[in-house]
Structure formats: structure tokens, C-alpha cells
Amino acid sequence: MRFWWLILPFLLDVSWAQTPARRGTVPLQRKKISAPKPKVKTKPVAVAPVVEPEAEPEEDSSFKFEMSGNLEGQARKLWNQSSAKRFPLEQDWQESQFNVATGNLNLKAEYFDSRVETNIFGRYAQSELYQQGYLAPQLINFPRKLVARDVFRLDHSEQEGDSQTDLVINKLYYELNNEDSRFVFGRMYINYGTGEIFNPVNPFNQPLGLTSQSNVAQGNDGFKASFFPSNDSSLNFYLLGNKNLDDYENQITQTLWMHGEWKPGENWQVDYVLGQDQKRNKAGGQLNYIWGDDMVFSQLLYSSAFTTSKPSENLIDALVGYDSQLTAEWHLRLEAGYQEQDDEYILTNPALASDRLLPYEWFFAVAQTYEAHPLVKLSATVIHDFKTSFTYGIGRLSWSLVKDVEWDFFVNAPLYWVEEEDNIVQKIFPTEAGTALRVFF
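Just so we're aligned, residue 585 is where the sequence shown starts under our numbering, counting upward by one.
Next up, the structure:
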């Protein structure tokens, strides 16, 4: 056993913000038509005639086009865990470098009630560990699946020598807006749910709360229909497809999914989900209570065994949490949950565990962010697995150098583990110290 007490003071910052789209309670989106202001009758006032300049012709405002994006470069130093070097893992490297460059280019065009939007994401990672076939770079280069429900591909992925290159269109959709409805077809982001380390009610976009990656979201191929019966409720229906559940060459696995939002009171929000996804029937929900700068939330998701003849088990995932802006500078978040693992299925499909960054069963996490200056933020996150006793810490110092330019220094490290436990992913997760430069445009 080993406990790194000396590294705790240096674990400063995890960015809980999920980009490109912020996780959390998603406000109900609905067009609102405001009533015209009444005209007020006034007495005429005699004024001297003024020569009005000739008005310039107005531009057609029905068409809008926007382009945005970001570029980011990271350099990291990696140290291996002693438990990873032993049989049967045999990850017998000592230390190494890991460098990664990522970028997004987002294009959006709107014409009256129609919108077309696309995002191109690129990632280039380099480490000698790739060439030697070790697993560590594959784990920390997260998310490994850039499209969660994939029918159209629209991607290129290649590992050659000591590098891994990924290029994907992770968003490409057409949207039609009406006053009380919205329809989307293509590859889309699906963002809802309050959990930032674990978010079981949303299986379509993995949280980034435990990773140093930022500005990346998973796409999903299909159709979405949204309806807004009132200002306090919405219904979203999804028809999605996936060809890479087991192997991309297999037939399409369909997802039929309903997500609803309802605000029964000023301080309450209820989310509920129901449907079939990845060959499992699922049902669950989320309950949030918000007062002032504080929020408590909970999630529960039931997943049946596979609807096919494959050996599998029923699963239950649960989450409870608390979020508070304690002072103007100090933010606190607590999350605790249960992630049930399908032991029957993983025996025949070990790659299933790769969908989550770090597999925990019973866990508790504490995250704090302190704004030392309007341009400087310090944060620390610690997560503990009660079953295996594995404890992991993440820290970050973030500095806004100038407008649209950010610099980070981060440390991610296993703090405590038990050699006898058999959680493979936890055993091979390395210690990282690195820096990142991020530019937005």
C-alpha cells in the first residue's frame, strides 16, 4: 500500500465545466413572443427642421453565419504505477512523455427558422508508449469514442509509430424551429443531466470531470423531436442508431429514447428518461432542488439485461450530489454514487469498460474551486472508491493570460491503492503532470 500525502497540497483545480456544452440543469428552451409596447400619445412639439442623412439600405438579417473554435496544446510527464508492472498486466515502463494537440472548428448558418451546424474535431497525440503497445496513452486520451452512437462514420483514426491521429465531424445537423416544437436530423450533441463526474441518466455524452481534456463532446447520429407544451415543461424524443456496439460492420443497433423536463415549482426541476438503448431497456430520472446559490440533486437509472440472448445482468446506477457557491470566490461540489458493472458481459467484451474514464463502483468525490483573482482559478478534486480503496486526485491552476487565451498547469495522480485489488484500469492509470495552452477564436 502506498499513500501520497505530500502531493495533496499541489492538487489544485479541476475544471467542472463541460465544453463545448456546459453540463448541468439545462434550461427549457422555448421561443417567447413578447407583446408589443403600447403607444403613448403625446402633444406635438414644434422643432426646427433637421436634414436627415440618407439612410443606408438595411442588410438582410434573415441569414446569419457564425464561425468559432479553439486550438489547444498539452505537454505531460507520465509516471507508471508499480502495480501496473506486475503479471499479468506487464506494463513495465517507468516514465514517459505524452503530448497532445486538439482543435475545434464550428460553423453555423441560420435562415429564418432553419439552422445547419457542424463541428470538426481533430486530435493528435504522441508518445513512445504507443509504439511499444502500452495501455496508458489509450486510457488518458479520453473520450476514446468521439461518436457515442455512430451510423455515418465521418471520421478518420490512425495509429502509426508513436502517434495517434483522430479527425472527426462530431456534429453535423439540420434543425427546424417552430414556436412550440423543434426538429433535428443528423449528428448532434445531447447534453442534459447535472452529474459532472457520473451522469447515468445521459448515456450519450461522457462527463469530463476526471480528465485534463477539454472542449470535446461526443456526437450521436439520428433524429430528435422536441415539444414544449408549456413554459415549465418539454418533451424530447430521440431515434438514434449505432453500428459500433460490438463491431462497426454489424447491423445498426437502434436507440428509442424519451427525455422530459418539468418544473413543478420555482425551486424544483424533474427530468425523466425512458427507452431502449444499446440493446437494454432503461428507465430513470433526476430530481433537482435549487435555493439561492445551492442545489441538491439525485439520479437513478435502471437498465435491464440484454434484450438478445447474450449473457448479461440487470443494472442499477445511482447518484446524489450537492453544489454550492459558498462565497463569491469559493465553489464546492460533492458527488456520491453507485455504478453497477455487468460482470457477465465484460467477461466477453472487456472493451466495454473503456466507455468510462475510471470505473468506480461505490464512490465519493469532493471538488472545490477558488477564484484567487478574476484571471486566476485554483481547484482540487479527490475521488475515492469504497470497494477497492483506490483514491485519485486532480488539480489545476488556470490563468487567463489575455482575452481568449488560457494557460493551465495540472497534476493528476493516484493517491492510494491496494495492490491485491483486481480493478485493471485503476491499476494502470498513471500519474500525470502537465501544462496546456488554449486559444479561442
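Idealized CB from N, CA, C, for every residue including glycine.
First through last residue of the alpha helix (DSSP H) which encompasses residue i
i, result
"K556", "Outside the displayed span of the chain (585 to 1025) sits residue 556, for which this structure offers no information."
"I900", "From DSSP, I900 is part of no alpha helix (DSSP H) but of the beta strand (DSSP E) over L899 to Q909."
"L738", "Element bounds for L738: n/a, residue is neither H nor E."
"Y776", "Careful: Y776 lies outside any alpha helix (DSSP H) and carries neither H nor E."
"E780", "Taken as a continuous stretch (DSSP letters only), E780 belongs to no alpha helix (DSSP H), as it is neither H nor E."
"Q715", "E712 to Q715"
Residues sharing a beta bridge with residue i, DSSP
i, result
"L756", "T702 and R771"
"E990", "S984 and R1022"
"P998", "Y976"
"Y873", "W852 and V880"
"E656", "T686 and R1022"
"Y954", "W914 and L962"
"A920", "V904 and F948"
"A809", "F767 and F821"
"D861", "R864"
"V731", "G803"
"T1040", "One cannot answer for residue 1040 here, as it falls past the ends of the chain, which runs 585 to 1025."
"N761", "R766"
Host beta strand (DSSP E) of residue i (start-end)
i, result
"Y886", "D878 to S887"
"Q838", "T837 to G849"
"I724", "It is not in any beta strand (DSSP E) - I724 instead sits in the alpha helix (DSSP H) that spans A720 to I724."
"L824", "S817 to N826"
"A801", "Here A801 belongs to no beta strand (DSSP E), and DSSP marks it neither H nor E."
7 Å Cβ shell around residue i - same chain, five flanking residues per side excluded
i, result
"Q715", "G745 and D746"
"K755", "E701, T702, N703, R771, M772, Y773 and G803"
"W846", "D816, S817 and V854"
"T972", "V1002, E1005, N1007 and Q1010"
"P787", "D861"
"A956", "L962"
"N789", "A732, Y773, I774, N775, A801 and Q802"
For residue j and residue i, the rounded distance between their alpha carbons
i, j, result
"L959", "H915", "16 Å"
"N804", "L824", "7 Å"
"G1018", "F682", "9 Å"
"E919", "D676", "34 Å"
"G806", "V768", "8 Å"
"A997", "S666", "13 Å"
"T1015", "V995", "8 Å"
"T735", "T837", "Here the sequence assigns Val to residue 735, which means Thr is not the residue at that position. Roughly 9 Å separates the two Cα atoms."
"R699", "Y758", "6 Å"
"A732", "W841", "14 Å"
"M692", "G868", "As written in the sequence, residue 692 is Lys, which differs from the Met given in the question. Between K692 and G868, the C-alpha separation is close to 33 Å."
"R864", "V785", "14 Å"
"I900", "L885", "6 Å"
"G717", "N725", "14 Å"
"L829", "L903", "25 Å"
"L760", "S652", "22 Å"
"A809", "V966", "39 Å"
"T795", "G977", "11 Å"
"L985", "W991", "7 Å"
"F979", "Q743", "It is Gly, not Phe, that sits at residue 979 in the sequence shown. Each residue's Cα considered, the two are about 30 Å apart."
"G657", "Y944", "29 Å"
"W663", "F1013", "9 Å"
"K949", "V752", "The residue asked about is misnamed: residue 949 is Ala in this sequence, not Lys. Rounded to the nearest angstrom, the two C-alpha atoms are 32 Å apart."
"T953", "G905", "16 Å"
"S741", "T892", "30 Å"
"D907", "V880", "6 Å"
"E924", "S798", "27 Å"
"V684", "K669", "25 Å"
"L1021", "V800", "15 Å"
"K827", "N820", "23 Å"
"D877", "L910", "8 Å"
Contacting residues, own chain, Cβ-Cβ under 6 Å from residue i (five flanking each side not counted)
i, result
"D764", "F812"
"F993", "L981 and T1019"
"W1001", "F974"
"N690", "S652, G653 and N703"
"F1024", "N654 and D988"
"K615", "Low local confidence applies: a pLDDT of 37 at K615 is under 50, so the model's placement there is unreliable, with the coordinate-based value given in what follows. The residues are E763."
Residues of its chain near residue i, where Cβ-Cβ distance is below 8 Å and the 5 sequence neighbours each way are ignored
i, result
"P721", "F682, A709, S711, L713, Y714 and Q748"
"K621", "Any reading at K621 needs caution, since the residue's pLDDT is 40, under 50, leaving its predicted position unreliable; the model's value is listed next. So no residue of the chain qualifies."
"F647", "A693, E694 and Y695"
"W875", "N851"
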